[in-house]
Ligand SMILES: [Zn+2]
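Numbering (the numbering used here), first residue to last: 19 to 134.
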């Protein structure tokens, strides 16, 4: 899983944009990608600032590339709005691209099979 880009709503003020940058800032250590700042470091730095409120309601997300769909092995992109969502994706293991996911849920609906 690799971060491709971070989208930040253009109407956010500069300070909030910087916060989003910091929140999703990553570094790669021996091929493992991780966040530079821990959630705690981030909160300690910003929780009492005026921009923190805007940050919490702000429109932003990161796009991640998944190398291979479990079914068709194609790479695909997912969107995460925060670290919790990212960790959920990381833990779920069986990641399917949109096409395969729709296909599987159709089969599941038709035959009453639950794949998950
Ligand atoms: Zn697929």
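We treat Cβ as the ideally placed atom computed from N, Cα and C, and that holds for glycine.
- Query: Taking the continuous beta strand (DSSP E) assigned at residue 46, which residues delimit it?
  - Reply: 44-47
- Query: Does the Cβ of residue 108 have 16 or more other Cβ atoms within 10 Å, making it buried, or fewer, making it exposed?
  - Reply: exposed
- Query: Where DSSP assigns a beta bridge to residue 53, which residues make up the other side?
  - Reply: 44
- Message: Closer than 8 angstroms is the cut-off here; do at least three beta carbon pairs connect the region 91-103 with the region 27-35?
- Response: no
- Where residue 76 and residue 20 are concerned, what is the direct C-alpha to C-alpha distance, given to the nearest angstrom? 23 angstroms
- Message: Can you give me the C-alpha to C-alpha distance between residue 29 and residue 39, rounded to a whole angstrom?
- Response: 15 angstroms
- Task: For residue 35, name the three-state secondary structure that DSSP assigns.
- Result: helix
- Return the Cβ separation of residue 27 and residue 73 in integer angstroms, given the expectation that the two are a contact with Cβ distance under 8 angstroms. No, residue 27 and residue 73 are not in contact; Cβ-Cβ is about 11 angstroms, not under 8 angstroms.
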